[in-house]
Amino acid sequence: EAHLLVYGRRHRSVRALHHSRRLEQSLLSYQRASWLEVPTHERLSEEMRPAGENGPLILCLDTSGSMGRKGGAPETVAKALVFECLRQAQQQKRRCYLFAFSTGEDLQEMELDLTSDNLQGLLDFLSWAFHGGTSLNEVITASVERLHLANWQNADLLLVTDGEVPRVEDKVMEDLEEAKSSGARVYGVVVGNKTGSVMMEVCSELYHFCQRPGDFLPTEAATALDSRSWALRRVATAAT
Numbered sequence: 002e003a004h005l006l007v008y009g010r011r012h013r014s015v016r017a018l019h020h021s022r023r024l025e026q027s028l029l030s031y032q033r034a035s036w037l038e039v040p041t042h043e044r045l046s047e048e049m050r051p052a053g054e055n056g057p058l059i060l061c062l063d064t065s066g067s068m069g070r071k072g073g074a075p076e077t078v079a080k081a082l083v084f085e086c087l088r089q090a091q092q093q094k095r096r097c098y099l100f101a102f103s104t105g106e107d108l109q110e111m112e113l114d115l116t117s118d119n120l121q122g123l124l125d126f127l128s129w130a131f132h133g134g135t136s137l138n139e140v141i142t143a144s145v146e147r148l149h150l151a152n153w154q155n156a157d158l159l160l161v162t163d164g165e166v167p168r169v170e171d172k173v174m175e176d177l178e179e180a181k182s183s184g185a186r187v188y189g190v191v192v193g194n195k196t197g198s199v200m201m202e203v204c205s206e207l208y209h210f211c212q213r214p215g216d217f218l219p220t221e222a223a224t225a226l227d228s229r230s231w232a233l234r235r236v237a238t239a240a241t
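Listed below in structure tokens is the structure:
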């Protein structure tokens with residue numbers, strides 16, 4: 002990690018990878034040394050899961066045009082976070098599925114692994130520029146449907162966005178709350194200066210990755226991603 006920081010002073014992508022590892026380790030990384038009867042990790046009052054159990058991972062990545070503004074920092078961090086989540090999922094032998102969303106029916110999806118064909122598809126996707134508007138309705142609906150599939154009921158959801166998202170439709174929120182009541186956990190990472198009430202309502206746990214002064218500066222992305230200028234903090238949600 003120290004090497005990434007030093008090397009990252011000259012390379013923006015390496016610095017972004019370092020930050021994405023910090024985010025992923027804070028959110029979803031559970032190191033399993035052995036199987037124990039106790040302690041258990043309480044998901045909800047109705048369900049108990051062993052602390053070492055790692056289910057699949059569903060990534061929901063905001064690819065709207067607003068992610069590419071503000072010096073490009075949200076888009077750069079989001080792409081690095083997706084790649085690091087895939088690396089951690091492979092290391093922990095967890096299946097990983099990606100939904101890339103913007104607005105309406107413009108929803109792309111792929112199951113991620115480190116095979117040559119799949120990795121090339123991911124690299125092609127990460128090379129694209131983000132564009133379009135933003136809607137959570139389609140991606141939440143698709144994620145909840147995947148949670149009903151065999152071998153995906155135990156999945157964690159990670160939603161990465163800049164926080165500029167409209168309110169979710171009532172029926173979609175009802176379906177999400179039903180999934181949460183069955184044990185699903187929705188983690189959120191907002192890359193930007195605003196978390197927004199929508200993300201606080203949607204997520205079980207929410208994290209804010211932003212510049213310390215509280216706003217993005219009109220500078221190059223390399224400056225915006227300076228580790229000394231950014232901070233990660235947990236935000237209170239309706240679930241907490």
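In my numbering, the protein residues as written are 2 to 241. Ideal placement from N, C-alpha and C gives every residue a C-beta, glycine not left out.
In the structure shown, E112 adopts extended strand secondary structure according to DSSP, grouped into three states.
For A101, the enclosing beta strand (DSSP E) has its first and last residue at 97-102. Boundaries of the beta strand (DSSP E) harbouring L158: 157-162, taken from the DSSP string. Judged by DSSP secondary structure, C61 falls outside any alpha helix (DSSP H) and instead within the beta strand (DSSP E) spanning 58-63. Within the model, the alpha-carbon separation for E146 versus T104 is close to 18 Å. DSSP links V191 through a beta bridge to T162, H209. D114 sits away from G133, with the two beta carbons spaced by 8 Å or more. Counting only the Cα atoms, Y208 lies some 32 Å from D118.
Excluding the 5 residues flanking it on each side, F100 has same chain C-beta neighbours closer than 8 Å at I59, L60, C61, L62, L108, Q109, E110, V140, A143, S144, in chain order. Note that the C-beta distance between L87 and V190 is not below 8 Å. Just measuring C-alpha positions, the residue of S182, A180, F84 sitting nearest L124 is F84. Taking the Cα of G73 as reference, the smallest distance to any Cα among K94, F102, D163, S198 is reached at D163. One alpha carbon belongs to E179, the other to A239, and they sit about 15 Å apart. S205 sits away from V192, with the two beta carbons spaced by 8 Å or more. Here A232 is bridged, per DSSP, to C211. Residue environment: D157 is assigned as buried (16 or more neighbouring CB atoms within 10 Å of its CB, all protein chains considered).
R186 is bridged by DSSP to D157. CA-CA distance, N152 to L177, rounds to 18 Å.
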